[in-house]
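Each remark here refers to the structure printed beneath this line.
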Amino acid sequence: MITTINISLNTPPGYNVKNLENRLTEYARQIVEEDTQSNDSEEPIVLSQEMVTAARKAEQEYRAGKCLDDAAFNKRFEKWL
49 MITTINISLN TPPGYNVKNL ENRLTEYARQ IVEEDTQSND SEEPIVLSQE
99 MVTAARKAEQ EYRAGKCLDD AAFNKRFEKW L
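Structure below.
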């Protein structure tokens, strides 16, 4: 996919903008390549049924206005933290 990024930048008269554009494009390619490689190598996180159940219960309590303080949160999820 091709993406265009517009950047506003003050440059002095006669500055080689084309060279800057080429350098920034190459740098952006390197960043995308690094990010893509690091994401491909990461293992997906698999949640146990116990973890899913605990998370759903916490979400239901949150929606009901029963927010956990930090201590209660840590106690409930301590085995996974």
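Count along the sequence shown starting at 1, add 48, and that's the number in my numbering. Where a beta carbon is used, it is the ideal one built from N, C-alpha and C, also for glycine.
The alpha-carbon separation between T73 and L57 amounts to approximately 15 angstroms. When the alpha-carbon of L116 is set against those of A103, K127, W128, the nearest one is in A103. Q108 and R77 have their C-alpha atoms roughly 43 angstroms apart.
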